[in-house]
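Reading the sequence shown from the start, the letters are residues 1 to 87 in this note's numbering. Positions of the beta carbon are idealized from the N, C-alpha and C atoms, including for glycine. Following: one structure in structure tokens, then a few remarks.
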Amino acid sequence: MPARSRSLTADLTEQITESVGGYLGGMVVLAFFNAVVSFILYTVLGLPFPALMAVVAFCLTIIRSSVRCCSGASPRWSPSSPAPCRR
């Protein structure tokens, strides 16, 4: 890489890393609160295995968010709207 582009590339890399890190951190917080609410509801309703279901809810939230993030699809996309990705 040419020396004149190194600082720009380093700045862009840092911005991308911060942005993605913030998104992933938010995704984990969302999954955690989803698991807590699931645990509370399962416990209040007297359903079996509330801790296990909370872990399952956490994992499914992470997986769903990861697929949405990596697929490039917009959460508001519908068949009548234009395609979210132009390849």
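Judged by beta-carbon spacing, L30 lies beyond the 9 Å limit of S66, meaning their Cβ atoms are not closer than that value. Excluding sequence positions up to five before and after A54, its CB lies within less than 6 Å of the CB of A35, S38 and F39, all in the same chain and listed in chain order. The alpha-carbon separation between L24 and L12 amounts to approximately 18 Å. A direct Cα-Cα distance of roughly 36 Å separates G46 from G22. Burial is judged here by how many other beta carbons sit within 10 angstroms of a residue's own beta carbon; F58 has at least 16 and is buried. The Cβ-Cβ distance between P50 and T43 falls below 9 Å. P50 sits in a helix when the DSSP states are folded into three classes.
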